[in-house]
Every structure is written in structure tokens, then in C-alpha cells.
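A.B. asks:
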Amino acid sequence: SYLLALPQSMRDRRIHPVFHAALLRPFVEDETNAYPNRDPDVVFGDVPNGEQFVELIDLHRWVRNKLQFHFVWSDGDQTWESADKADRLVQLDEYLALQGVHNMDELP
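If you count by the numbering used here, then the sequence shown holds residues -18 to 89, one letter each, in order.
1) For Ser63, tell me which candidate among Phe50, Gln72, Trp54 has the shortest Cα-Cα distance.
2) I need the boundaries of the beta strand (DSSP E) containing Ser63, first residue and last residue.
3) How many whole angstroms separate the CB atoms of Glu36 and Trp61, which I take to be in contact at a CB cut-off of 8 Å?
4) Compute the distance between the beta-carbons of Gln33 and Asp56, then report whether it is under 8 Å.
5) Taking the C-alpha atoms as reference points, what is the distance between Asp(-7) and Glu87?
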């Protein structure tokens, strides 16, 4: 594993600076002229006003009889959140459909 010196913008998004050697590749400078209109912040997942949004709900669990969902955020962060935070999300509807249920109470 290697500890990388990440730019402040990546540290602000809580990207962990330690990476396994198998995930690292030698740096090859790309030709930014090939993408003259590309915004570098978008490449790294920055949302202009700093807001994050839920891209995906991919798991659920019951903790002390309370339902939690695993959120994958737009910046790559992943968190477990209570069911009330997922209640009005389109991603919840998609997750429930994939689980073959109509509401949260039907989840095992």
C-alpha cells in the first residue's frame, strides 16, 4: 500500500489517501488539448455548489429492529443511513423493485 499526497479538493471529499499497489499505474500525461472544453473538477466528481446526491442504494440491513440503507454518493463516498433518509428517494423505489417488494417493511 502507498500513501499518496492528494490535492486538497480530494481530501475535502474525504478520499482516503492510502491505495493498494495493485490499484496504482504509472502516470501518463494525457493531451488536454484533446478535451479543450473539459472542466477538470467534473472529472474528479466535484459538484459545483458542493452538494452531494445519492447515486445508488445497493444494500439494506436491520440494526436493532431499525432499517438502514447503504447509500453510494455522487462523490464516491458510501454511508449507511436510516430508512427515513431514504423514504422519498427515487433510488429507494429502484432498490425495492430489484428486491421484489413494494415497501420497506417487506424487506427481510
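Every residue, glycine too, gets a C-beta built ideally from N, C-alpha and C.
C.D. replies: Concretely, from the data shown:
1) Phe50
2) 59 to 63
3) Contact doesn't hold; Cβ gap of about 15 Å is too wide.
4) yes
5) 38 Å
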